[in-house]
Each structure stands twice: as C-alpha cells, then as structure tokens.
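Chemist: Below you'll find the structure I mean.
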Amino acid sequence: MAQFYPLRVTDIKRDTRDSVVLTLEPQPEDKDKFAFIQGQYLTFRRTFDGEELRRSYSICAGRKEGILRVGIKKVDGGWFSNFANDELKAGDILEAMKPAGNFHVPLDPSSARRYLGFAGGSGVTPFISIIKTTLAEEPLSEFTLVYGNRSAGAIMFREELEDLKNRHMGRFSVVHILETEAADIDLFSGRLDREKCEQLFDRWVDAGSADYAFICGPEPMMLAVADALKARGLAANKIKFELFASSQPGKARRPQERVAARADSVCKATIIMDGVAREVEIDKHGESVLEAAIAARLDAPFACKAGVCSTCRAKVIEGEVEMDQNYALEDYEVKRGYILTCQSHPVSDKLIVDYDQ
Ligand SMILES: Cc1cc2nc3c(=O)[nH]c(=O)nc-3n(C[C@H](O)[C@H](O)[C@H](O)COP(=O)(O)OP(=O)(O)OC[C@H]3O[C@@H](n4cnc5c(N)ncnc54)[C@H](O)[C@@H]3O)c2cc1C
Ligand code: FES
15 MAQFYPLRVT
25 DIKRDTRDSV
35 VLTLEPQPED
45 KDKFAFIQGQ
55 YLTFRRTFDG
65 EELRRSYSIC
75 AGRKEGILRV
85 GIKKVDGGWF
95 SNFANDELKA
105 GDILEAMKPA
115 GNFHVPLDPS
125 SARRYLGFAG
135 GSGVTPFISI
145 IKTTLAEEPL
155 SEFTLVYGNR
165 SAGAIMFREE
175 LEDLKNRHMG
185 RFSVVHILET
195 EAADIDLFSG
205 RLDREKCEQL
215 FDRWVDAGSA
225 DYAFICGPEP
235 MMLAVADALK
245 ARGLAANKIK
255 FELFASSQPG
265 KARRPQERVA
275 ARADSVCKAT
285 IIMDGVAREV
295 EIDKHGESVL
305 EAAIAARLDA
315 PFACKAGVCS
325 TCRAKVIEGE
335 VEMDQNYALE
345 DYEVKRGYIL
355 TCQSHPVSDK
365 LIVDYDQ
C-alpha cells in the first residue's frame, strides 16, 4: 500500500538563492520506517489547487548521521519546489512515503574501491548521502565527485563539500565545472558534456581505474558521461544512474485506439497488493497497469508517473507487458520480471502483477 507518514519540518536552511535544505523528523513510532540506504529518496504528497501531487526528493544525509534531510531546488513554475522554497516553515508537517530507490552499491568495510560521481545542479543531493556514507563505512575507499553548475552561486552544498574534502584529505575530492564562469584552468569551465569528460579523463580524473560510477543530473549530461566512461572501459553494470526528470514526457494514452478497442484487446489482469488479489480488465491499447489499479480503487504506489522514480515497481508473475519507457529499473530487475506499472501496458490476454514482491 502507498502509505504516507507525517514528517515535521524541524529546520529550513537556504542553501543557494533558489534552493533550500529541509530537516525532517518522523513521529517517534515511525522512526524505524525512515531508516534509509545512502542515495535513496522520499516521495512527498501535497494537494495544490485541488489536485494531489507527488514529488520525490533525494535524502542528503549520511546513513548513520541520525538526521533526515532533503535539498529542494526551485524549478521555474514548479508546484512543489516553489512551495518548499517560498512557503514552507519550520514546524509544518509534510507527508512522505518510506525511503525508496536503488541509487547505491552495497558497501563492504574491507574494500578499497575507487568511486566516481558526476552531478549536475540539484543532482548533487543523493551524492551528499552516498559520499558521507561511503567515506564513513568503507574507510579504505576513495571518492571523486565531478560537479557541474551554471555558476558558482548555483553550487548546492558548497560548504559541506569543502568540509568533507578537508576532513577526508586524500580520500575525497571534488572537481567543479562551471558553465558561465571562466576558471584559471580551461578544463574547469564549460558544460559537463562528452568533450569535457574526455578532457577530464585525459588530464585529471582516472576513469579507467574506477570500480563504480554514479551519475545524476540532466538527461543529456548523464548520457554523455556514461558514454565517455564506457569508452574508457567501465562496464555498463558498474554505472549507476538517477534521473530526476525525463526530457521526454510519458507517451500519451493513445485515446483514439482506446475508442477502437475490440473485445480481444482486453486483458484479464489480477493485481496483488497487501496480500489481496483484485481482478481488473485492462484495455491493451489504453490505460497503464497503474491507472487500471487506481481505477479499481487499489492504493497502488506511484510518484513521477514518467518512468523515472520506480515507486510504482511491481513484479509480473504471469503474462507480458510492454513498457513505454524505463529510466529507473536496472536490466537485472527487468530480467527478473519487474516492471514500472505507470509505463506498462499488457500485451498478453492474461496478466498477474504483484506489488508485494
Ligand atoms: C528519484 C527522484 C529524486 C529527486 N530528487 C530531487 C532532489 O533531491 N532535489 C530536487 O530539487 N529535485 C529532485 N527531484 C525532482 C523533483 O521530484 C521534482 O520533479 C522537481 O522538484 C519539480 O517539481 P515541481 O512540482 O516543482 O515542478 P512541476 O510542477 O512538476 O513542473 C514544472 C515544470 O518543470 C519541469 N520539470 C519538472 N522537474 C524538473 C527538473 N527536475 N528539472 C527541470 N525541469 C523540471 C516540468 O516538465 C514542468 O514543465 C527528484 C526526482 C526524482 C524522480
Ligand atoms: S511512478 Fe515513477 S516510475 Fe512509475
């Protein structure tokens, strides 16, 4: 069930001109539910103009730091991010689901690994959690963060990153790439694109010896960095992605085809949630599995509805679906039968989908 819990805002700090960092506190009885893995996010819900919106924000605290924080950057005209930056006050209550997400690798205190991180803009938030946790729990490992921003004023968590660098000299380094400001060394100005990666890998960052790389930022940046890393020999399964927003909106629901739907285009689906199985009929050319579940009054979990966050993940037990887009599930999850229900349309006549697995 998509259960939400109250979180009290205990502090709001302005981080840059257009971003804030919220410190949140669960009710004492919910504390364990908000234990998190580094790199995970919280999904909040709030009603704006009569419509419930859900938005995800990455946790930006170390796993054992004992605090829960998120950093929210204003998006032009955006509902939740403007509300958080301009209206939210300490003492207010927000509602959030338990932490979720897979933007991490399991840590091993005896490993001496080399990690690379590539962040663009607000994409740095999960790195605060990943870097702090990795440095604390893998004492032999090193982390290099390449962080692209438009200008120095837009750098989120600037002081905190400096502080981490000073506390972990030799184990943590950060390379700032600024678009609109000339740096003493050309290498550090411009966009974090393929060409910039090649220059960095030639002159500053040893991509070839990295064990894992994490990328979070605008989609074109993520694709360019991933291509550059692969060209230097890093295997695709060693590269972890977190996308905040897809540049391609989810495919429309194909309404004309839906009108023309024939009896043989109906899939008899069973949706399992909280141990209860519910039978629904889904037009193969119409709504997604998630929309069908919600229409059947099931409290199915979701957030972005754009194939980005994986909150709507479920497992296909029988039958087959086609996903419009998938930015969130890894290949191994898809092979095991996991789907993003917000992007999935049945192609078989029968389908069994389980949200509990
Ligand atoms: C897993 C995950 C983790 C995330 N973590 C963070 C985080 O830590 N910090 C953070 O600030 N954001 C984060 N986001 C993005 C966040 O969830 C919202 O998408 C963002 O704050 C915009 O929401 P909004 O309601 O303000 O804007 P909306 O009202 O949804 O959108 C307004 C307009 O902005 C566009 N838009 C939406 N999101 C973005 C975006 N991220 N960048 C550029 N344009 C966009 C939309 O297409 C629309 O045109 C995360 C997203 C995901 C999926
Ligand atoms: S709701 Fe975000 S991927 Fe489906």
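When the letters of the sequence shown are read in order and numbered with this note's numbering, they come out as residues 15 to 371. Even for Gly, the Cβ is constructed at its ideal location relative to N, Cα and C.
(1) Note down the Cα distance separating Ile81 from Ala224, rounded to an integer number of angstroms.
(2) Please identify the residue among Thr355, Leu354 and Lys210 whose C-alpha is closest to the C-alpha of Ala238.
(3) For Pro263 and Phe316, what's the separation of their Cα atoms in angstroms?
(4) On a CA-only basis, which of Ala221, Arg217, Thr61 and Ala306 is nearest Phe97? Give me that one, please.
(5) For Ser371, does the count of other Cβ atoms within 10 angstroms reach 16, so buried, or fall short, so exposed?
(6) Please list, in chain order, all residues of the same chain as Met287 whose beta carbon is under 7 Å from its beta carbon, the five residues on each side excluded.
(7) Would you report the Cα separation of Arg181 and Asp29, rounded to the nearest angstrom?
(8) According to the neighbour-count rule (16 or more other Cβ atoms, all chains shown, within 10 Å of its Cβ), is Lys27 buried or exposed?
(9) Run the proximity test for Phe316: is its beta-carbon closer than 7 Å to any non-hydrogen atom belonging to ligand 2?
(10) Between the C-alpha atoms of Ser143 and Glu151, what's the straight-line distance to the nearest angstrom?
(11) Excluding the 5 residues flanking Glu334 on each side, which residues of the same chain have their C-beta closer than 6 Å to its C-beta?
(12) Could you tell me whether the stretch 119-138 touches the stretch 147-163, using the rule of 3 or more Cβ pairs below 8 Å?
(13) Using 7 Å as the cut-off, classify the Cβ of Gly321 as near or not near the heavy atoms of ligand 2, replying yes or no.
(14) Output the distance between the C-alpha atoms of Pro40 and Phe48, rounded to the nearest integer angstrom.
(15) Name, in chain order, the residues that DSSP records as bridge partners for Ser33.
(16) Is it buried or exposed for Asp297, if we count other Cβ within 10 angstroms and need 16 for buried?
(17) Any heavy atom of ligand 1 inside 7 Å of the beta-carbon of Tyr369?
(18) Skipping 5 residues on each side, what residues in its chain have a beta carbon closer than 8 Å to that of Ile199?
(19) So, with DSSP's three-state summary, where would you put Arg22?
(20) For Ala221 versus Phe228, is the C-beta spacing smaller than 8 Å?
(21) Contact between the stretch 104-123 and the stretch 170-187: three or more CB pairs below 8 Å?
(22) In whole angstroms, what separates the C-alpha of Arg22 from that of Ala309?
(23) Below 8 Å between beta carbons: does that hold for Arg59 and Ile73?
(24) Give a yes or no on contact between the stretch 243-256 and the stretch 172-180, applying the rule of three or more CB pairs nearer than 8 Å.
(25) Determine whether the beta carbon atoms of Glu212 and Ala242 lie at a separation below 8 Å.
(26) Let me make sure I understand the geometry here. Which of Leu130, Leu154, Asp338 and Ala104 has the alpha-carbon closest to that of Asp122?
(27) On the premise that Glu332 lies in contact with His359, defined as a C-beta separation below 8 Å, what is that separation, rounded to the nearest angstrom?
(28) Over what stretch of residues does the beta strand (DSSP E) that includes Glu256 continue unbroken?
(29) Looking only at its chain, what residues have a beta carbon closer than 6 Å to the beta carbon of Asp177, apart from the 5 residues adjacent to it on each side?
(30) In whole angstroms, what is the alpha-carbon distance linking Lys87 and Asp278?
(31) For the candidate residues Arg128, Ser33, Tyr55 and Leu108, whose alpha-carbon lies nearest to that of Asp373?
(32) Considering only the beta carbon of each residue, do Leu365 and Gly321 sit closer than 8 Å?
(33) Is it the case that the Cβ atoms of Ala104 and Asp25 are separated by a distance below 8 Å?
(34) Counting along the chain, where does the alpha helix (DSSP H) carrying Ile169 start and finish?
Modeler: On the basis of the supplied data:
(1) 30 Å
(2) Lys210
(3) Note that Pro263 scores a pLDDT of 48, beneath 50, so its modelled location is shaky; the value from the coordinates is reported in the next line. Each residue's Cα considered, the two are about 16 Å apart.
(4) Thr61
(5) Sequence inspection shows Gln at residue 371; the Ser mentioned does not correspond to that position. The residue is exposed, with fewer than 16 neighbouring Cβ atoms inside 10 Å.
(6) Met15, Leu312, Ala314, Tyr369 and Asp370
(7) The C-alpha of Arg181 lies about 21 Å from the C-alpha of Asp29.
(8) exposed
(9) Yes, since a heavy atom of ligand 2 falls inside the 7 Å radius drawn around the Cβ of Phe316.
(10) C-alpha of Ser143 to C-alpha of Glu151: approximately 12 Å in a straight line.
(11) Val361 and Ser362
(12) yes
(13) At least one heavy atom of ligand 2 lies less than 7 Å from the C-beta of Gly321.
(14) 7 Å
(15) Thr30 and Lys87
(16) Buried, since its Cβ has 16 or more Cβ neighbours within 10 Å.
(17) no
(18) none
(19) strand
(20) no
(21) At 8 Å Cβ cutoff, the stretches do not touch.
(22) So the alpha carbons of these two residues sit roughly 31 Å apart.
(23) no
(24) no
(25) yes
(26) Leu154
(27) Contact doesn't hold; Cβ gap of about 16 Å is too wide.
(28) Run containing Glu256: Ile253 to Glu256, per the beta strand (DSSP E) assignment.
(29) none
(30) 47 Å
(31) This structure gives no information on residue 373, because the portion of the chain shown stretches from 15 to 371.
(32) no
(33) yes
(34) Where Ile169 is concerned, there is no enclosing alpha helix (DSSP H), given that its DSSP letter is neither H nor E.
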